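Q:
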Amino acid sequence: MTKRLLPLLFLLLTTAAATAASYEEGKQYQRIIPESPTVSTTDKIEVVELFWYGCPHCHRFEPVIDRWLEHKPANVEFVRLPVILNEKWEIHARVYYTAEALGVLDKTHLPLFEAIHSQRRKLDTEDSLMEFFKGFGVKEEDFRKTFHSFAVDSKVRRARELGRRYNISSTPSIVINGKYRTDPGMAQGQASETMKVVDFLVAEETRKAAR
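The sequence shown runs 1 to 211 under the numbering used here.
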């Protein structure tokens, strides 16, 4: 009973909050045409953050995402996707999925942002990233084997394809349920406002699912 009521409660709260703001398609968010497949396989509403480790705006966006995740509704599945807009970005997508496969992503995700943007470390080669991972107890052999594995290759190809399908041209961007896209540039240039748009769109999807 409680599980059924949570999405409805979230809908009521976010709908009430959204009445104070007016979000319009073509202004604060864009519709993705055609609709794209979701990254996850759950029946929840999917919210995807598309980012690049080399992006300073993504670095500043992470604390906003983390605060939002603390109150993420139960009917939402959150996914991070390291988008690839050019060949230079592929190595950071590859290292993201390497960390995920090695089980150290929770340890390396924010520190990698910090190392690149706060410490000004140049981490854009396999060797430099391998040295970075050694600091988290990862052996060189394990890193290199995983970095070049078929599983990581497949996820990198998938990330590249989804970036195209979502028509991503800048980071950070957020995609809701494979149907809508928003970013700080569309949301008054503010990261916090971006997440209000996300809540609005999640409420819309929750309402549709409840019909």
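The C-beta atom is built at its ideal place from N, Cα and C for all residues, glycine as well. Just so you know, these numbers come straight off a predicted model, no measurement behind them.
Restricting to Cα atoms, I'd like to know which of Glu141, Phe113, Glu161 is closest to Leu102.
A: Residue Glu141 is the option with its Cα nearest to Leu102.
Q: What residue ranges within the segment 145–208 form continuous beta strand (DSSP E) runs of no fewer than 3 residues, ordered along the chain?
A: Whole beta strand (DSSP E) segments, 3+ residues: 173–176, 180–182.
Q: Give the secondary structure of Tyr212 by DSSP, where H, G and I count as helix, E and B as strand, and everything else as coil.
A: No statement about residue 212 is possible, as the shown extent of the chain runs from 1 to 211 and does not include it.
Q: Just checking, does the segment 151–164 make contact with the segment 84–93 on the three C-beta pairs under 8 angstroms criterion?
A: Cβ pair count under 8 angstroms is three or more, so yes.
Q: Roughly how far, in whole angstroms, is the beta-carbon of Ser173 from the beta-carbon of Arg181, given that I think they are within contact range, below 8 angstroms?
A: Correct: roughly 6 angstroms between the Cβ atoms.
Q: Return the chain-ordered list of same chain residues with a C-beta closer than 7 angstroms to the C-beta of Met195, the five sequence neighbours on each side being excluded.
A: Correct list, in chain order: Val64, Trp68.
Q: In whole angstroms, what is the alpha-carbon distance linking Val44 and Ile33?
A: In the sequence under discussion, the amino acid at residue 44 is Lys, which differs from the Val named in the question. Approximately 21 angstroms, taken between the alpha carbons.
Q: By DSSP, does Thr19 sit in helix, in strand, or in coil?
A: Residue placement at Thr19 is flagged as unreliable, the pLDDT there being 45, under the threshold of 50; a coordinate-derived value is accordingly withheld.
Q: Would you mind listing the alpha helix (DSSP H) stretches within the segment 76–138 that are 4+ residues and don't spill past its ends, in chain order?
A: Qualifying alpha helix (DSSP H) stretches, in chain order: 90–102, 105–117, 126–134.
Q: Buried or exposed: which applies to Leu129, given that a residue is buried once 16 or more other Cβ atoms fall within 10 Å of its Cβ?
A: Flag for Leu129 reads buried.
Q: Since Arg31 and Glu24 are thought to touch, with beta carbons under 8 angstroms apart, how far apart are those beta carbons, to the nearest angstrom?
A: With a Cβ gap of about 11 angstroms, Arg31 and Glu24 do not count as contacting.
Q: Determine, using beta carbons only, whether Ser149 comes closer than 8 angstroms to chain C.
A: You won't find chain C in this structure, because it holds only one protein chain.
Q: Mind checking whether Arg60 and Val152 have CB atoms under 8 angstroms apart?
A: No, they are not a contact pair.
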